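Quick note on our numbering: the sequence shown kicks off at 20 and runs consecutively.
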Amino acid sequence: METWSLVSICIFLGITVRWGVSFNSYSGAGKPPMFGDYEAQRHWQEITYSLPVQQWYFNSTDNDLNYWGLDYPPLTAYHSWICAHVAKMINHEWVDHQKSRGYESPTHKLFMRTTVVITDLLIYIPAVVVYCMCLCEGAPRKKVCNLLSFLLYPGLILIDHGHFQYNSVSLGLALWAIVALGRGWDATGSVAFCLALNYKQMELYHALPFFCYLLGKSIKHGLLGRGFLLLLKVAAAVLVTFALCWLPFLSDLGQISQVLRRIFPVSRGLFEDKVANTWCSLNVLIKIRSILSGDHQLYLSLACTLLAVLPSSFRLLSKPSFWQFKIALVNSSLAFFLFSFQVHEKSILLAALPVCLFLNDLPLISIWFLQASTFSMLPLFLKDGLLIPYVATSLAFLYLSTYLLSALERCTEEELRLAPYHKLLFLLPKLNLACIVRWKFYISVTVMVGLSVASAAVKPPAHLPDLFPVLVSAFSFLHFLGTFIYFNIVDFTTKPTKKTQKKSK
C-alpha cells in the first residue's frame, strides 16, 4: 500500500510539472504567417474534420500542403480527427475550414494543452509505471525513485508541453511494446509497436531491434517448432495492425503512394537547422551539401546508418535476451540520429526513451545523456520562449535523479562497466577510469551551464550569428557519439548481472 501511495505521488508530481510547463509559450506563438508546431497540430484537426479521409494527404484548394500539410502516418491523422470533434463541440471556430488559420486564444491554448496531458495520462505515464514497477529490479523504494526520475525527464516534457507536440503517444506505445516483450507477450508487443510506427514514422529508429529480437527468439526456439508458431503469431499481429491502420487508404494504390511520399519527404535535404548529429557537425568543416548531390547525400547517410546499426542488430539476433534488446534500442536510435537523413533536433527523444530504461542499471551514464539531450534542444527552447522552464526542469531533474538514484555513489568501474576500456587503452598506464568519468561529468555539466547562460544572455558577433547554436550542437554531438560508442562497447564486451538479466522465454 505504501509503495503505491508513493507511485501516486510520483504521478502527481509528473503531471504537476507538465501542467506548470504548459502555462508558458509554445512554438510559433503570435508569429504569422506560418506560426509553428502548435498551429500545425491545430490545422491537422481542421483538415481531418472538414475533408474526407481520401483528401487528407493530397494538395488541393481545400488542403494547401505547403501550409503544414499532414506528413505523419494515419494514426496521427485519426488522433487529430478525434481532437477536432471535441474541439468542434466546445467552439466551432477552432476548426472552421479555411477560417481558423492561425487561431490563438487562451481558451484554445487550454484545450490543446489538456489534450497533451490526457495522452500522457492514458498512454505514456501508465507505460512508465508498469516498466519501472514490473521490469526494474530492486526494492520497492528504488523502483519508485527510478519512476520519478523517468517521469521528470525534461526533454520530453519541454517538447510536448512547452514547444507543443504529441511525442508521448508514439513513445508511450513503443514503451508498452517494450514492456510486453519484457513480459514475454510478443504478439501484444508487436501490435503496440506497429501502432507506435503508424503514429510517427520516426519509430523506425527502434524497428530493427524489435525485428531482430523477435526473429532471434524464433530461431532460438526452432523454426520447425515453437519458433515457427511465434513467427506466425507476430507476422499475423503486424499484418492485421497495419491493415486496420491503413484501411481507409487500401482501396487505392494512389492513396498509399501519396501517404508514403508525405511521410518520407526525401527532397528536404540531409539536415535542417543546427541538429547535433554527424552531418551538421561535420558541415562546420566540410560543406557536404555543396559537394554532394541530393541523391548522393541520401546514399551516404543510408550506408553510414546501416554500418552503425548492424553490429548491435546482429549481436541481438544471435543473443536475443531482453538486456541485449534494450542495448540494441539505444544503439539503433543513436545510429539513426547520428547518421540518417533529414534528422530534426527533437528526434533525440527517440534515443532518450531507451536510455531511460537504463536509469536503474547505469544511472550516471543515463542521467548524463538525458541532460545532454535536453541541452541539445536549447536553441529551440530559446526560440519558443521556454528558457525559465528549461532551467527549472533541467536543474530539478539533475538534482533529484542524481540524488535518488545515488548516481555519483554508484560510480565504480564495475558498475559503470568500464573494465573493457583497460584492454582498449593497454598502452597507457593503469588509470582510475571511474574517477575520470566522474570528473568528465562535472566538466560537461559546467560547460552546459556556461553555454546556456551565454546563449541566453550574450549577443554573438555580427559575423557569427549562429555561434552559440553551433557550439551547443557540436558539444551535444560529442556526448551522443560518446554514448553510442559506450553502449556498443558494453554490448560486445560485458554481460548483464543476474539482477538485470531478463531471459527470453
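Heads up, the beta-carbon is just placed ideally off N, CA and C, and yes, glycines get one too. What you are looking at is a predicted structure, and each value in this text was computed from that prediction instead of being measured.
The beta carbon of L166 is closer than 8 Å to those of V26, C29, V147, V148, C151, M152 in its chain, skipping five residues each way along the sequence. Per DSSP, the continuous alpha helix (DSSP H) segment holding T502 begins and ends at 486-512. The Cβ-Cβ distance between Y224 and S352 falls below 7 Å. DSSP places N82 in the strand class (E or B) of the three-state scheme. Runs of the alpha helix (DSSP H) lying entirely within the segment 274-350, each at least 4 residues long, are 297-301, 307-310, 313-337 in chain order.
Around I66, the same chain offers W75, N82, L89 as residues with beta carbons nearer than 7 Å, after the five sequence neighbours per side are excluded.
Less than 7 Å separates the beta-carbon of L389 from that of Y172.
Annotation: A426 to I462 spans about 16 Å, alpha carbon to alpha carbon. Counted as a single uninterrupted DSSP element, the stretch harbouring M53 is not any alpha helix (DSSP H), since DSSP gives it neither H nor E.
In this structure, the beta-carbon distance from D56 to Q184 falls below 7 Å.
Of the other Cβ atoms in all chains shown, fewer than 16 fall within 10 Å of the Cβ of M108; this residue is therefore exposed. Per DSSP, the unbroken alpha helix (DSSP H) holding W38 starts and ends at 21-41.
Annotation: the continuous alpha helix (DSSP H) that includes V163 extends over 159-170. Counting only the Cα atoms, H116 lies some 18 Å from P51.
Check the Cα spacing between A103 and each of V259, R61, T297, L406: the tightest is with R61.
The Cβ-Cβ distance between F268 and V278 falls below 7 Å. Straight-line measurement puts the Cα of C164 at about 11 Å from the Cα of T22. When secondary structure is reduced to three states using DSSP, V362 falls in the strand class.
By the Cβ-count criterion, S337 is exposed, with fewer than 16 other Cβ atoms from all chains shown falling within 10 Å of its own Cβ. Shown here, R245 sits in a helix according to DSSP, grouped into three states. By the neighbour-count definition (other C-beta atoms within 10 Å, threshold 16), K442 is an exposed residue.
Collapsing the DSSP output to three states places Q117 in coil. Excluding its 5 nearest sequence neighbours in each direction, S392 has C-beta neighbours in its own chain below 6 Å: G174, I367, A371, listed in chain order.
Going by C-alpha positions, R132 is about 15 Å away from P408. Rounded to the nearest whole angstrom, the C-alpha separation of P398 and G241 is 51 Å. Under the three-pair Cβ rule at 8 Å, the segment 204-212 does not count as touching the segment 307-322.
Beyond the five residues adjoining it in sequence on each side, Q274 comes within less than 6 Å, by CB distance, of F268 in the same chain, given in chain order. Restricting attention to alpha helix (DSSP H) runs no shorter than 4 residues, the segment 129-217 encloses them at 144-153, 159-170, 173-177, 186-201, 205-216, ordered along the chain. Around the CB of Y232, 16 or more other CB atoms lie within 10 Å, so the residue is classed as buried.
Distance from the Cα of K402 is smallest, within the candidate group A48, W38, G33, for A48.
Cβ-Cβ distances below 7 Å link L423 to C164, L167, S168 in the same chain, with the five nearest sequence neighbours on each side left out; the list follows chain order. P448 is positioned such that its CB atom lies no closer than 7 Å to that of F344. Excluding five sequence positions before and after G404, the CB atoms of its chain that fall closer than 8 Å to its own CB belong to N43, S44, A48, given in chain order. Judged by DSSP secondary structure, T412 falls within the alpha helix (DSSP H) whose first and last residues are 406-423. Taking a C-beta distance under 7 Å as the contact criterion, S99 and Q64 qualify as a contact pair.
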